[in-house]
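A quick write-up on the structure given underneath.
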């Protein structure tokens, strides 16, 4: 069984070896780099937020709000609304780069579409929402976590603090001697792994919100199901495929091999200066070329690498033949039906072919995993996106082939990229 490494922090938190991996350090790096950005944004929001709290408090106490305060709040709110779409450009550009620390999956890069688009498009206002989230709620979460860390450090250091001072207050108890503080120190040490997980959860939530707001969907839908030709006669198709493969392998291929051998022997018996020598040589070469083409046809029906190496090995072989770096993550713990294997192989083959021909990508990633009785195949790239089945990129035929196996194909390909092809194939019928 091949265990794929976790693709992002949220997945790593569910793995048993999280504390011994590099993900806690990545969560810490993400948190540390968040502090100056979120701090600067929170200071800007406090300029308006503090007077707003004063106004709210005055209303609660039944006192009238002074006119200068109302004017200040009005002007401040208007300035924030006017400047936020512009300020969010720099903030979200940095955030798209930082997100790779906890979630390396591609995120669409920022593309300038004009000043008017910053105030009229949903994508721009999602970036504004992310900026407010980063400067408003994120600092509160980090402040609470910081208090918990300081409390835990106090517990751990309590024996040394009691040795220095006559009295130390730990939580709600007063400690006079280092011996009394030892149990608190033990509890503090035991809580360190929980704090490590807590930081991971905090960073994972922050990253998930950033991805949700910044990885904008195309045409209002992150994934569009390509649902064509659902009513397939799967059993008839599979039987016909097997019949063609068997007829070629057991019938035509041996006969052609025998014919090629006979022509080769005939060439040895015919003198080179004989009038029949040249046509015989041409016939022999044509027979050999036909053998090669016939082997390629059989390979197209079911690749030999799929039979010899299995799905994971055959996909890695495809990745090795690509002209860009392709990372393969396979988590397959059980044998798969032959139809599922062959369909998944051709999904990866066609998808990588589309990546190389159309996407302009510099890297791609393939994931194979079993989940809930289904084989999930994902092929993603960091290209310019915009894949559309209507433009003849091979996706329509691919969807038909997946539908024939009882599965479904989903596509996410916003204009700025990245592109994600996801196929779900049932492993039992």
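Residue numbers (the working numbering): -16 to 412.
Every residue gets a Cβ at the ideal spot worked out from N, C-alpha and C, and that includes glycine.
Nearest-angstrom Cα separation, counted from residue 306 out to residue 262: As a position in the chain shown, residue 262 is number 279, starting the count at 1. As a position in the chain shown, residue 306 is number 323, starting the count at 1. If I take the Cα positions, the gap works out to 41 Å.
Neighbourhood of residue 122 by C-beta distance below 6 Å, restricted to the same chain and skipping five residues each side: The residue labelled residue 122 in the question sits at position 139 within the chain shown. Around residue 122: 21 and 25.
Beta-bridge partners of residue 4, as assigned by DSSP: Within the chain shown, residue 4 is the residue found at index 21, counting from 1. DSSP, once it has assigned bridges, lists no residue as partnering residue 4.
For residue 325, the first and last residue of its enclosing alpha helix (DSSP H): As a first step, residue 325 is located in the chain shown; it is residue number 342 there, counting from the start. It spans 321 to 337 - the alpha helix (DSSP H) in which residue 325 sits, taken as one unbroken run.
Sheet register partners of residue 408 (DSSP bridge): Taking the chain shown and counting its residues from 1, the one referred to as residue 408 is at position 425. Paired residues: 358.
Any 3 or more C-beta pairs closer than 8 Å across the region 397 to 409 and the region 352 to 369: yes
Host beta strand (DSSP E) of residue 394 (start-end): Numbered from 1 along the chain shown, position 411 holds the residue referred to as residue 394. Taken as a continuous stretch (DSSP letters only), the beta strand (DSSP E) holding residue 394 covers 391 to 395.
Residue interval of the beta strand (DSSP E) (run including residue 424): Here the chain comprises residues numbered -16 to 412, so residue 424 is not present and cannot be evaluated.
Closest Cα partner of residue 10 within the set 189, 107 and 332: As a working mapping, residue 10 is identified with position 27 in the chain shown. Checked all of 189, 107 and 332; the closest Cα to residue 10 is 189.
Touching by the beta-carbon criterion (3+ pairs, under 8 Å), the region 131 to 147 and the region 93 to 107: no
Presumed contact (8 Å Cβ cut-off) between residue 350 and residue 312, rounded CB distance: Walking along the chain shown from the start, residue 350 turns up at place 367. Walking along the chain shown from the start, residue 312 turns up at place 329. Indeed, because the Cβ distance is near 5 Å, the residues count as touching under 8 Å.
Local conformation of residue 353 per DSSP, three classes: The sequence position of residue 353 within the chain shown is 370, counting from 1. Of the three classes helix, strand and coil, the one that applies to residue 353 here is strand, per DSSP.
Terminal residues of the alpha helix (DSSP H) in which residue 93 lies: By one-based count along the chain shown, residue 93 stands at place 110. No alpha helix (DSSP H) holds residue 93; DSSP gives it neither H nor E.
CB-CB length for residue 239 against residue 270, believed under 8 Å: For the purposes of this step, residue 239 is taken as the residue at position 256 of the chain shown. For the purposes of this step, residue 270 is taken as the residue at position 287 of the chain shown. Indeed they touch by this definition, with Cβ atoms about 7 Å apart.
For residue 49, the three-state DSSP class (helix, strand or coil): Numbered from its first residue, the chain shown carries residue 49 at position 66. Note: residue 49 maps to coil in three-state DSSP.
Residues near residue 212 in its chain [Cβ-Cβ closer than 8 Å; skip 5 each side]: Counting from one through the chain shown, the residue named residue 212 turns up at place 229. Confidence at residue 212 is low in this model, with a pLDDT of 45, below 50, so the placement of that residue should be treated as unreliable; the coordinate-derived value is given next. 382, 383, 386 and 387.
CB-CB length for residue 14 against residue 125, believed under 8 Å: One-based indexing of the chain shown puts residue 14 at position 31. One-based indexing of the chain shown puts residue 125 at position 142. About 7 Å; that satisfies the 8 Å criterion.
Whole-number beta carbon distance between residue 358 and residue 408, since they are thought to touch under 8 Å: Here residue 408 refers to the residue found at position 425 when the chain shown is read from its first residue. Here residue 358 refers to the residue found at position 375 when the chain shown is read from its first residue. Rounded, the Cβ-Cβ distance is 5 Å, consistent with contact.
Residue 179, enclosing alpha helix (DSSP H) - first and last residue: Stepping through the chain shown from its first residue, residue 179 is reached at position 196. Taken as a continuous stretch (DSSP letters only), the alpha helix (DSSP H) holding residue 179 covers 161 to 197.
Reduced DSSP category for residue 291 - H, G, I as helix; E, B as strand; rest coil: Looking up residue 291 in the chain shown gives position 308. Correct three-state label for residue 291: helix.
Own chain residues within Cβ distance below 7 Å of residue 343, not counting five before or after: By 1-based counting over the chain shown, the position of residue 343 is 360. Closer than 7 Å at the Cβ level, and outside the excluded window around residue 343, lie 366 and 367.
Cβ neighbour criterion (16 or more within 10 Å) applied to residue 396: Mapped onto the chain shown, residue 396 falls at position 413. Classification for residue 396: buried.
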